[in-house]
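Chain order of the listed sequences is Y and R.
The first sequence lines up with residues 15 to 294 when you count with the working numbering.
The second sequence lines up with residues 15 to 294 when you count with the working numbering.
Comments concern the structure below.
There are 2 protein chains.
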Amino acid sequence: MVSSFLMVGQSNMAGRGYLSDVKQIYDDKIKMLVNGRWQAMTEPINFDRPTSGIGLAASFAGAWRLKNEQEEIGLIPCADGGTSLDNWAVDGVLFENAVFQAKLALRTSRLDGILWHQGENDSFGGLSALYCDKLSIIVDAFRSALKVLDIPFITGGLGNFLGAGRYGKYFNEYNQVNDALLKFSETKPNCYFVTANGLTANEDGLHFDAVSQRRFGIRYFESYFTRKNILAPLDFENELIGIIQDRPLTKKEQGALFEIEFARGRMSLGDLEEKLNCLT
Amino acid sequence: MVSSFLMVGQSNMAGRGYLSDVKQIYDDKIKMLVNGRWQAMTEPINFDRPTSGIGLAASFAGAWRLKNEQEEIGLIPCADGGTSLDNWAVDGVLFENAVFQAKLALRTSRLDGILWHQGENDSFGGLSALYCDKLSIIVDAFRSALKVLDIPFITGGLGNFLGAGRYGKYFNEYNQVNDALLKFSETKPNCYFVTANGLTANEDGLHFDAVSQRRFGIRYFESYFTRKNILAPLDFENELIGIIQDRPLTKKEQGALFEIEFARGRMSLGDLEEKLNCLT
């Protein structure tokens, strides 16, 4: 039975790290849900915008796999860039779509966690004061709708770079949102907070870069695995990322990646057949 | 009110044409549904696989816009590569997901058509003999579930290249599927058939190339607009494609494309700001 995780929130959950900045993570025991069906995960996982790229879910899944060598994990991508908590309100399209996708996934998996990153679009205009209560309602509704009342719900902090970047003036309450996320995790059962300390941004000063997303995913998994808040960077982040990204591919996985390159027009038919022959 | 169209079928509806082979179509009155919300369309529209690329829906929408200059069109991408009619059976995940997405779209649009391209995975093992009846059940179920009993349902033929390509031996009934699609369109109210004659494939001999997908979309729109089968290539395909692709962008659209390039890391912040300044 696939162990599945729902991805919800805004752009930094969907992922905006540049694909070219990190080695890819490919493991045919890591799946993603597309049109209600599981397929081998490739990045971008959560294609909510043409700018979608590396998010935290791939290294989260890679870390999960190191602890579950024979098992499959499935990611359910439902995050949407630029969305506020009000956009995520119960009965809105984002919430209903996420519940629906999770229910499709539940036909062939066991939902084991919800991964949340959101808050930039509640970091202004006094919205941060409402954050904890609004999020609490949404979490209760997810747990109730999916009949998983005790499911771990992992949240992550907003980047400390937010105040300085191109959009900094819009996000002048991001520290208060971080405080609210921590308070939320301390008061709500089975909810956890993962710090973004030490993580860096793309040139936009808004989106975690690809390497930071890899590190964030390790922290999210550590929080999930230990059922604890992660309040400081972990000293084994880079080591784990290396192990996950450099995992030797099986012949089947190598063949699947060759087929993708061919289908994208980046490899000739002759080269494909030669490479596939070498694998057998 | 947005005029929306549901995209269903397998890979050639999702689109596998190479992005680099054609000029992009960008028009902020052409939308696509993502997570239940409308956003300006960019290609790939139907990101069902890492190999997703140019499909027929973009030029379909462009042709629609030439006839509806003040109106908005919305595309609802639900096609999934490699799927058979049995995979599309009523109550399966593909069907249910497509109905659900269309219902989300219906909150803010009027569903005006269903675009279907599928059949490669029913082109072997005697499955072609069942094609017409199976598709008829699926169409009835879509129309009933969405309460649009007379909605136009546009189908397209399988490529004549299928028998010769790398996978040709698997698709030895593709001519029979084309016959079934034509018979279906002749017997089912408000269902139409669009020929794939003259269209060509990627090197895989399986997927329509990008230019062919542009042409196919023009044919699909002509069928939709005239409520007729299109049994031969249209002599104005290339002309219309040129008009659609070369449509002058508004300053707002130019700015949106610059922002995308910047967010992808393909333009520096300095260059972005300079280009945005030039637009104002």
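Glycine residues also receive a C-beta, built at the ideal position from the N, C-alpha and C atoms.
R/Ile-274 and Y/Gly-67 have their C-alpha atoms roughly 12 Å apart. R/Gln-24 is classed as buried because its beta carbon has at least 16 other beta carbons within 10 Å across all chains shown. Here R/Gly-256 is exposed. Its C-beta has fewer than 16 other C-beta atoms within 10 Å. Scanning chain R for C-beta atoms nearer than 8 Å to the C-beta of Y/Asp-94 yields Val-48, Asn-49, Arg-51, reported in chain order. A residue is called buried once 16 or more other Cβ atoms fall within 10 Å of its Cβ, and Y/Leu-47 is buried on that count.
Of the residues assessed, R/Leu-70 falls on the buried side of the cut-off, its CB having 16 or more other CB atoms within 10 angstroms.
Here the alpha carbons of Y/Gly-29 and R/Phe-272 stand approximately 19 Å from one another. For R/Trp-52, the enclosing beta strand (DSSP E) covers residues 51-54. In this structure, DSSP gives R/Lys-45 an extended state, which the three-state scheme calls strand. A contact between stretches requires three or more CB pairs, one per stretch, nearer than 8 Å, and the region 149-169 of chain R meets this requirement with the region 87-104 of chain R.
Taking the Cα of Y/Ala-119 as reference, the smallest distance to any Cα among Y/Ala-72, Y/Asn-60, Y/Ser-17 is reached at Y/Ser-17. With 16 or more other CB atoms across the displayed protein chains lying within 10 angstroms of its CB, Y/Gln-115 is buried.
The three-state secondary structure of R/Ile-274, taken from DSSP, is helix. With 16 or more other Cβ atoms from the protein chains shown falling within 10 Å of its own Cβ, Y/Ser-123 counts as buried. For R/Glu-217, the residues of chain Y that pass the 8 Å Cβ criterion are Phe-276, Gly-279, Ser-282, Leu-283, in the order they occur in the chain.
According to DSSP, residue pairing for R/Pro-64 in a beta bridge does not occur.
As summarised for the region 80-116 of chain Y, there are no continuous alpha helix (DSSP H) elements at least 4 residues long confined to that stretch. Closest in alpha carbon position to Y/Cys-292, among Y/Arg-278, Y/Ala-277, Y/Gln-268, Y/Phe-74, is Y/Gln-268.
Beta-bridge analysis with DSSP links Y/Met-21 to Y/Pro-91, Y/Leu-129.
Runs of the beta strand (DSSP E) spanning 3 or more residues and lying entirely within the region 135-177 of chain Y occur at 167-170, in chain order. The Cβ-Cβ distance between Y/Ile-39 and Y/Ile-258 falls below 8 Å. Three or more beta-carbon pairs drawn from the region 189-198 of chain Y and the region 130-137 of chain Y are found closer than 8 Å, and the two stretches are therefore classed as touching. Taking C-beta separations shorter than 6 Å and ignoring five residues to either side along the sequence, the partners of Y/Ile-232 in its chain run Ser-73, Ala-77, Glu-251, Leu-254, following chain order.
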